[in-house]
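To start, the structure itself, in structure tokens.
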Amino acid sequence: MPATRLKIFVSSVQKEFQQIYSGDLFEQADQARDFVIAKINRTVGIRSESNVAPATYELPPDAVGEAIVNAIVHRDYYSNASVEVRLFTDRLEVWNPGKLPGTLTFDDLRTDHPSVPNNPLIVESLYLTRYIEKAGSGTQRMIELCRENGLPEPQFDQRSGSFVITLWRDWLTDQVMAALALNDRQRQALAYLKTQQKES
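Its first residue numbered 1, the sequence shown is counted upward by one per residue in UniProt numbering.
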């Protein structure tokens with residue numbers, strides 16, 4: 001079975017790190033998700049109510065996992081291409097060899113829509129182990145999680161024979177803002193825009 005391949009790019013410079021995972025679908029999904037979570041930024045809060053400090057990631061871990069499982073479930077297994085998870089400084093892309101299943105459109109993915117699995121036996125296995133829901137709610141769940149975290153909605157498109165899910169990172173971290181050497185007015189404007197995005 002084709003491996004899940006992960007590529008890490010830094011900005012537009014071709015400094016490429018690649019990790020290839022094989023094994024069963026559950027291992028591929030878990031390893032790919034854990035790999036991405038380990039590479040993205042996180043902030044740690046204060047231990048106010050428990051002994052464990054809460055951690056907030058720049059991308060919702062559940063949305064990352066959903067995008068990866070979606071690709072593994074719906075990929076075209078007749079293709080020799082691998083599922084690819086590409087992490088850039090401003091976004092995460094999950095490439096799934098194949099096309100959108102059935103008669104679904106990209107707009108359908110943003111509303112209630114039927115589940116149209118390309119690989120029903122794989123869907124059944126992952127459903128029984130609680131990796132996915134059968135109701136076709138995965139894309140809506142990703143949208144909801146990104147909104148809750150003040151991030152742009154995921155982008156769904158078709159590129160080079162693959163269905164691609166893009167999750168946008170909150171790349172304007174404190175370190176990036178400091179490096180931009182913005183004046184007070186510019187910093188306030190960016191802070192306001194980020195606040196408005198989280199409230200919308």
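Backbone N, C-alpha and C fix where the C-beta goes; we use that ideal spot for every residue, glycine too. This one's a predicted model, so the numbers in the text were calculated from it and none came from an experiment.
Any C-beta of chain C under 9 Å from that of D112: The chain inventory of the structure shown lacks chain C, comprising one protein chain alone.
First and last residue of the uninterrupted beta strand (DSSP E) at N96: Looking up residue 96 in the sequence shown gives position 96. Run containing N96: R91 to P97, per the beta strand (DSSP E) assignment.
Contact set for R91: own chain, Cβ-Cβ below 7 Å, skip 5 residues either direction: Working through the sequence shown from its first residue, we reach residue 91 at position 91. Contacts found: T166, L167, W168 and R169.
P101 versus D112: straight-line alpha-carbon distance, rounded: Position 101 of the sequence shown, counted from the start, is the residue given in the question as residue 101. Position 112 of the sequence shown, counted from the start, is the residue given in the question as residue 112. Cα atoms of P101 and D112: separation of roughly 15 Å, rounded to the nearest angstrom.
Supposed close pair E58, I40 - CB separation, criterion 8 Å: Stepping through the sequence shown from its first residue, residue 58 is reached at position 58. Stepping through the sequence shown from its first residue, residue 40 is reached at position 40. Between I40 and E58 the Cβ distance is about 5 Å, and since that is below 8 Å, they are a contact.
Assigned secondary structure, E27 (DSSP; H/G/I helix, E/B strand, else coil): For this step, residue 27 is matched to residue 27 along the sequence shown. Note: E27 maps to helix in three-state DSSP.
Selection from R159, A179 and P117 that minimises the alpha carbon distance to L104: Translated into positions along the sequence shown, residue 104 becomes position 104. Measuring from the Cα of L104, the nearest candidate turns out to be P117.
Close Cβ partners of V69 (< 7 Å) along its chain, the five nearest in sequence each way excluded: The residue labelled residue 69 in the question sits at position 69 within the sequence shown. Result list for V69: A29, L126, Y131 and I132, in chain order.
V94 classed as buried or exposed, judged by whether at least 16 other C-beta atoms fall within 10 angstroms: Position 94 of the sequence shown, counted from the start, is the residue given in the question as residue 94. Classification for V94: buried.
Terminal residues of the beta strand (DSSP E) in which S162 lies: Within the sequence shown, numbered from 1, the residue matching residue 162 stands at position 162. From DSSP, the beta strand (DSSP E) with S162 extends over S162 to W168.
Residue nearest to L87 in terms of C-alpha spacing, selected from G136, A32 and R110: Position 87 of the sequence shown, counting from 1, holds the residue named residue 87. For the residues G136, A32 and R110, the minimum Cα distance to L87 belongs to A32.
Cut-off 6 Å between Cβ atoms - residues of its own chain near D76, not counting five sequence neighbours on either side: Counted from its first residue, the sequence shown places residue 76 at position 76. The residues are P97 and G98.
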